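For reference, the structure is listed below as structure tokens.
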Amino acid sequence: GAVVSQHPSWVICKSGTSVKIECRSLDFQATTMFWYRQFPKQSLMLMATSNEGSKATYEQGVEKDKFLINHASLTLSTLTVTSAHPEDSSFYICSARDWGQGNTEAFFGQGTRLTVV
Amino acid sequence: GDSVTQMEGPVTLSEEAFLTINCTYTATGYPSLFWYVQYPGEGLQLLLKATKADDKGSNKGFEATYRKETTSFHLEKGSVQVSDSAVYFCALRTNAGGTSYGKLTFGQGTILTVHP
Numbered sequence: 061g062a063v064v065s066q067h068p069s070w071v072i073c074k075s076g077t078s079v080k081i082e083c084r085s086l087d088f089q090a091t092t093m094f095w096y097r098q099f100p101k102q103s104l105m106l107m108a109t110s111n112e113g114s115k116a117t118y119e120q121g122v123e124k125d126k127f128l129i130n131h132a133s134l135t136l137s138t139l140t141v142t143s144a145h146p147e148d149s150s151f152y153i154c155s156a157r158d159w160g161q162g163n164t165e166a167f168f169g170q171g172t173r174l175t176v177v
Numbered sequence: 002g003d004s005v006t007q008m009e010g011p012v013t014l015s016e017e018a019f020l021t022i023n024c025t026y027t028a029t030g031y032p033s034l035f036w037y038v039q040y041p042g043e044g045l046q047l048l049l050k051a052t053k054a055d056d057k058g059s060n061k062g063f064e065a066t067y068r069k070e071t072t073s074f075h076l077e078k079g080s081v082q083v084s085d086s087a088v089y090f091c092a093l094r095t096n097a098g099g100t101s102y103g104k105l106t107f108g109q110g111t112i113l114t115v116h117p
């Protein structure tokens, strides 16, 4: 199947700093990527939908100024957590649709564990 | 809105036992249904899927049948292995258009532990 790569796999940052997470589709073009957040022992919650060349669509309750999403190319989307606080500590996962596969499947990155201290 | 409800875990089984993880959903229209598996420290992998009523998805000995009348997509395996220990997520995708086309709604996940 198609490969989606996230980087970094884990990051520890100080409170008040910003952290950027990259999501790349390695062998296909992804006009749409999705960013999820997963709390311990809970499900994945969709944060936003990232569309190449346009502004991201954020889910209700997600602060767009805090979670900046940029989808500048067909293979790369970035999520920047600005002025991070301990409550932002979580597991962030991106996914991308391979439109060439008939719109039937989404591929997930391996996730990024963010710890804010 | 759309929602997915999974049976609460964790589920602990002995090797070769029969597995059922219940999943029910609420959605408008005719969603596609999925089971994803997450092994420790890894991202999600698609396990199986079904795109219309009465379809049966199957992979690696796991099966699930899309039951529209009961709005369910229960996951089953006849004989589990230690290597099946993971977190299993049921999910749906509505096929309506719009800027969020393709987004998935997940259940809360079920932790499965299989002992030798």
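For the record, the sequence lines run as chains A and B. Residues in the first sequence are numbered from 61 upward in steps of one, following this note's numbering. Residues in the second sequence are numbered from 2 upward in steps of one, following this note's numbering. We treat Cβ as the ideally placed atom computed from N, Cα and C, and that holds for glycine. Remember, predicted model here, so these are calculated numbers, not experimental data.
Q.
I believe B:Leu93 touches B:Val38 by the beta-carbon criterion, under 8 Å. Please report the beta-carbon distance rounded to the nearest angstrom.
A. Residue numbering aside, residue 93 of chain B sits at position 92 when the second sequence is read from its first letter. Residue numbering aside, residue 38 of chain B sits at position 37 when the second sequence is read from its first letter. Contact flag wrong, Cβ pair sits at about 16 Å.
Q | Closest by C-alpha distance to B:Tyr31, when choosing among B:Asp85, B:Gln82, B:Thr72, B:Leu76 | A | Against the second sequence, residue 31 of chain B aligns to sequence position 30. Ranking B:Asp85, B:Gln82, B:Thr72, B:Leu76 by CA distance to the CA of B:Tyr31 puts B:Thr72 first.
Q.
For the segment 38 to 61 of chain B, list every residue whose C-beta sits within 9 Å of some C-beta in chain A, in sequence order.
A. Hits within the stretch, in order: Gln39, Gly42, Glu43, Gly44, Leu45, Gln46, Leu47, Lys50, Thr52.
Q) Any chance the segment 130 to 143 of chain A sits against the segment 11 to 18 of chain B, with 3 or more Cβ pairs inside 8 Å? A) No: the two stretches stay apart, fewer than three of their Cβ pairs being nearer than 8 Å.
Q | From B:Gly42, B:Glu9, B:Thr66, residue whose alpha carbon lies closest to that of B:Ala51 | A | By one-based count along the second sequence, residue 51 of chain B stands at place 50. Distance check between B:Ala51 and each of B:Gly42, B:Glu9, B:Thr66 places B:Thr66 closest, using alpha-carbon atoms only.
(Q) Rounded to the nearest angstrom, what separates B:Arg68 and B:Thr27 at their Cα positions? (A) Taking the second sequence and counting its residues from 1, the one referred to as residue 68 of chain B is at position 67. Taking the second sequence and counting its residues from 1, the one referred to as residue 27 of chain B is at position 26. Computed Cα separation, rounded: 12 Å.
Q.
So with CB distances below 9 Å, who are the chain A contacts of B:Gly110?
A. Taking the first residue of the second sequence as 1, we reach residue 110 of chain B at position 109. Chain A residues near B:Gly110: Gln98, Lys101, Gln102, Ser103, Leu104.
Q) Once you ignore the five residues that flank A:Ser65 on each side, which residues in its own chain have a CB closer than 7 Å to its CB? A) By one-based count along the first sequence, residue 65 of chain A stands at place 5. Leaving aside the five residues that flank A:Ser65 on each side, the residues in its chain whose CB is nearer than 7 Å to its CB run, in chain order, Arg84, Leu86, Gly169.
Q: Name, please, each residue of chain A whose Cβ falls closer than 8 Å to the Cβ of B:Lys104.
A: Numbered from 1 along the second sequence, position 103 holds the residue referred to as residue 104 of chain B. Those within 8 Å of B:Lys104 in chain A are Phe94, Leu106, Thr109.
Q: Note the first and the last residue of the continuous beta strand (DSSP E) segment covering B:Met8.
A: By one-based count along the second sequence, residue 8 of chain B stands at place 7. Where B:Met8 is concerned, there is no enclosing beta strand (DSSP E), given that its DSSP letter is neither H nor E.
Q) Taking the alpha-carbon positions, what's the A:Gln120 to B:Pro117 distance? A) Sequence index remark: in the first sequence, residue 120 of chain A carries index 60 (1-based). Sequence index remark: in the second sequence, residue 117 of chain B carries index 116 (1-based). When rounded, the distance between both Cα atoms is 44 Å.
Q: Pick out the complete beta strand (DSSP E) segments inside the segment 141 to 171 of chain A, 3 residues or longer, and give them in chain order.
A: Segments of the beta strand (DSSP E) lying fully in the segment 141 to 171 of chain A: 150 to 157, 166 to 168.
Q. Three-state secondary structure (DSSP) at A:Phe64?
A. As a first step, residue 64 of chain A is located in the first sequence; it is residue number 4 there, counting from the start. Inspection of the sequence shows that residue 64 of chain A is occupied by Val rather than by Phe. DSSP places A:Val64 in strand when its eight states are reduced to three.
Q. Got a sec? Which residues, its chain only, sit under 6 Å from A:Lys126 by beta carbon, not counting five neighbours each side?
A. Numbered from its first residue, the first sequence carries residue 126 of chain A at position 66. Same-chain partners within the cutoff: Thr142.
Q. Would you call the CB atoms of A:Ser137 and A:Met93 closer than 8 Å?
A. Here the question's residue 137 of chain A lines up with position 77 in the first sequence. Here the question's residue 93 of chain A lines up with position 33 in the first sequence. A:Met93 is positioned such that its CB atom lies closer than 8 Å to that of A:Ser137.
Q) Considering only C-alpha positions, which residue in the set A:Asn111, A:Ser75, A:Val63 is nearest to A:Pro146? A) For the purposes of this step, residue 146 of chain A is taken as residue 86 along the first sequence, with counting starting at 1. Distances from the alpha-carbon of A:Pro146 to those of A:Asn111, A:Ser75, A:Val63 put A:Ser75 closest.
Q.
Cβ closer than 7 Å: which chain A residues qualify as neighbours of B:Phe107?
A. Reading the second sequence from its first residue, position 106 is the one you call residue 107 of chain B. Near B:Phe107 (Cβ distances below 7 Å), the residues of chain A are Ser103, Leu104.
Q.
Need the endpoints of the beta strand (DSSP E) that B:Thr25 sits in, please.
A. As a position in the second sequence, residue 25 of chain B is number 24, starting the count at 1. In the DSSP assignment, B:Thr25 falls within the beta strand (DSSP E) that extends over 24 to 27.
Q) Using a C-beta to C-beta distance shorter than 9 Å, which residues of chain A count as neighbours of B:Phe90? A) Position 89 of the second sequence, counted from the first residue, corresponds to residue 90 of chain B. The contacting residues are Ser103, Leu104.
Q: Give the interface partners of A:Gln89 over in chain B, defined as CB-CB distance under 9 Å, in chain order.
A: Within the first sequence, residue 89 of chain A is the residue found at index 29, counting from 1. Listed along chain B, no residue sits closer than 9 Å to A:Gln89 by beta-carbon distance, the nearest being about 14 Å off.
**Q.** Given B:Glu77 as reference, the closest of B:Leu49, B:Ala54, B:Glu9 once Cα atoms are compared
**A.** As a first step, residue 77 of chain B must be located in the second sequence, where it is residue number 76. In terms of Cα proximity to B:Glu77, the closest of B:Leu49, B:Ala54, B:Glu9 is B:Leu49.
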